[in-house]
Amino acid sequence: MSSSSNSFVSGTSSSKLRKTASKEEEIDVITRTPGAQKLNAKCGNMSCAARRGDIPLKHCARCKTIMYCSRECQVAHWKDHKTWCNNNVDHLAELEAADRDGLNVGLPDGMSLVELDQRLEKWVKYHNSLLMAATIHALELPRDLKRSHQYLLRVRVSYRTDNEGVPGKLFRVDKAFLVDIQSSRSKGPVWVQSIDEIERLRTESEEKRLGTVAAIALECSPLAMQIVPFGSLRDLSPLRIQKEWKEILIRNVENGKRFTRFE
Ligand SMILES: [Zn+2]
Ligand SMILES: [Zn+2]
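Residues in the sequence shown are numbered consecutively from 214, following our numbering.
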């Protein structure tokens, strides 16, 4: 993975590389968990309250996917971060190996899998607030915050060759729908690992009274499904639920528009 300011980017264990896709679930090459802006505003050590803005945060030099306020916080969090850190490093290595093996055949513009992955990361970052808003409305969190424990928003995107070099237009949303978390566990090991990761994040966040965590399961063939978590979600009851969340999401992404309001 390229360097990133996301601090909660975390990889789940990688699935095996597959050259042929016989079933929908088998097109996955690699899985990982990219981060959420909301989660990265503070030191990666959950017990530390330091926020970006108060104090400069520094990336984990190894995976560059999490930030800490100090060496002490990094050391204190290493036990929790170790698996993610290794998975993120493995993730990039696997994409590079897949490129060497010629698995990128068929990607537009002669793009490698590593490049596709980097562009997707850029797009997720650009649309982070929009994606979070879509998740809040799709899951109807203003009605009941606990629905984040029960549902995921599954979003399928495809690369756009007509992106005009605009980060927000790099991908198009083809599909977006709610899935039940527990029944998704039966979809295979990638899902089990990803769901375990979300639940771990959510439990940690709720125990520290930092709000709940909801997530998108993002798919972009031939990359694996990846999890985009959104944290610090607290009482959302004043918000009026947008029933047209799907149309709003698709339209805003299509226009490559930077998020201002969910409309
Ligand atoms: Zn800290
Ligand atoms: Zn790391």
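C-beta atoms are modelled at their ideal positions from N, C-alpha and C, and glycine is treated no differently.
**Request:** Give me whichever residues DSSP pairs with P442 in a beta bridge.
**Result:** Beta-bridge pairing links P442 to A428.
**Message:** Classify S396: buried if its beta carbon has 16 or more other beta carbons within 10 angstroms, exposed otherwise.
**Reply:** By the 10 Å Cβ count, S396 comes out exposed.
**Message:** Just list the residues that DSSP pairs I268 with in beta bridges.
**Reply:** DSSP links I268 through a beta bridge to R265.
**Item:** Per-residue DSSP class, three states only, for R464
**Value:** Reduced to three states, the DSSP call for R464 is helix.
**Request:** Go through the segment 324-410 residue by residue and report every complete run of the alpha helix (DSSP H) that reaches 4 residues or more, in order.
**Result:** If you keep only unbroken alpha helix (DSSP H) runs of at least 4 residues inside the segment 324-410, you get 326-339, 341-351 and 394-397.
**Prompt:** Helix, strand or coil for K459 per DSSP?
**Reply:** Note: K459 maps to helix in three-state DSSP.
**K277 in three-state terms, based on DSSP** = Residue state, collapsed to three classes: coil.
**Request:** Starting from the N-terminal end, write out each residue whose C-beta falls within a distance shorter than 5 Å of any non-hydrogen atom of ligand 2.
**Result:** Checking every Cβ against the heavy atoms of ligand 2 under 5 Å gives C273, R275, C276 and C298.
**Message:** Which same chain residues end up closer than 7 Å to V302 when comparing Cβ atoms and leaving out the 5 residues on each side of it in sequence?
**Reply:** R275 and C276.
**Request:** Examine ligand 1 and report whether any of its heavy atoms sits within less than 7 Å of the Cβ of S283.
**Result:** Yes; taking the cut-off as 7 Å, the Cβ of S283 has a heavy atom of ligand 1 nearer than that.
**Request:** Apply the 10 Å Cβ neighbour rule to N468 and answer buried if 16 or more other Cβ atoms are within range, or exposed otherwise.
**Result:** Answer is exposed; the Cβ neighbour count stays below 16.
**Message:** Using 8 Å for Cβ pairs, my map puts H272 next to M259. What's the rounded Cβ distance?
**Reply:** H272 to M259, Cβ: 17 Å. No contact.
**Prompt:** Closest to V426 by CA distance: which of F475, E412 and C433 is it?
**Reply:** Per the Cα distances, E412.
**Through-space distance from S450 to K335, alpha-carbon basis** = Straight across, the Cα-Cα distance linking K335 with S450 is about 31 Å.
**Item:** Inter-residue Cα distance where the pair is A249 and L436
**Value:** At A249, the pLDDT of 37 sits below 50, so the modelled position is not reliable and the matter cannot be decided from this model.
**Request:** My understanding is that D330 touches L344, with C-beta atoms under 8 Å, so please give their C-beta distance in whole angstroms.
**Result:** Rounded to the nearest angstrom, the Cβ distance from D330 to L344 is 17 Å, too far for a contact under 8 Å.
**Prompt:** In or out: Q455 buried (at least 16 other Cβ within 10 Å) or exposed?
**Reply:** Buried is the call here.
**Request:** Could you tell me which residues DSSP puts in a beta bridge with K470?
**Result:** Note: K470 sits in no beta bridge, so no partner.
**Item:** R385 to E419 span [Cα, whole Å]
**Value:** The C-alpha of R385 lies about 33 Å from the C-alpha of E419.
**Message:** Short of 7 Å in beta carbon distance, which residues of its chain neighbour A263, apart from the five on each side in sequence? Order them along the chain.
**Reply:** Cβ neighbours of A263 within its own chain (closer than 7 Å, five residues either side excluded): K255, C256 and C282.
**Item:** As assigned by DSSP and simplified to three states, the class of K292
**Value:** Three-state DSSP puts K292 in a helix.
**Prompt:** Using the rule of at least 16 other Cβ atoms within 10 Å of the residue's Cβ for burial, across every protein chain shown, is V337 buried or exposed?
**Reply:** With 16 or more Cβ atoms within 10 Å of its Cβ, V337 is classed as buried.
**Asked** Taking C-alpha atoms, which residue in Y339, Q406 and R447 lies nearest to N300?
**Response** Checked all of Y339, Q406 and R447; the closest Cα to N300 is Q406.
**Asked** Straight-line CA distance for V403 to E432?
**Response** CA-to-CA, the gap between V403 and E432 works out to about 12 Å.
**Item:** Alpha carbon of A346 to alpha carbon of F475, nearest angstrom
**Value:** In this structure, the CA atom of A346 is about 7 Å from the CA atom of F475.
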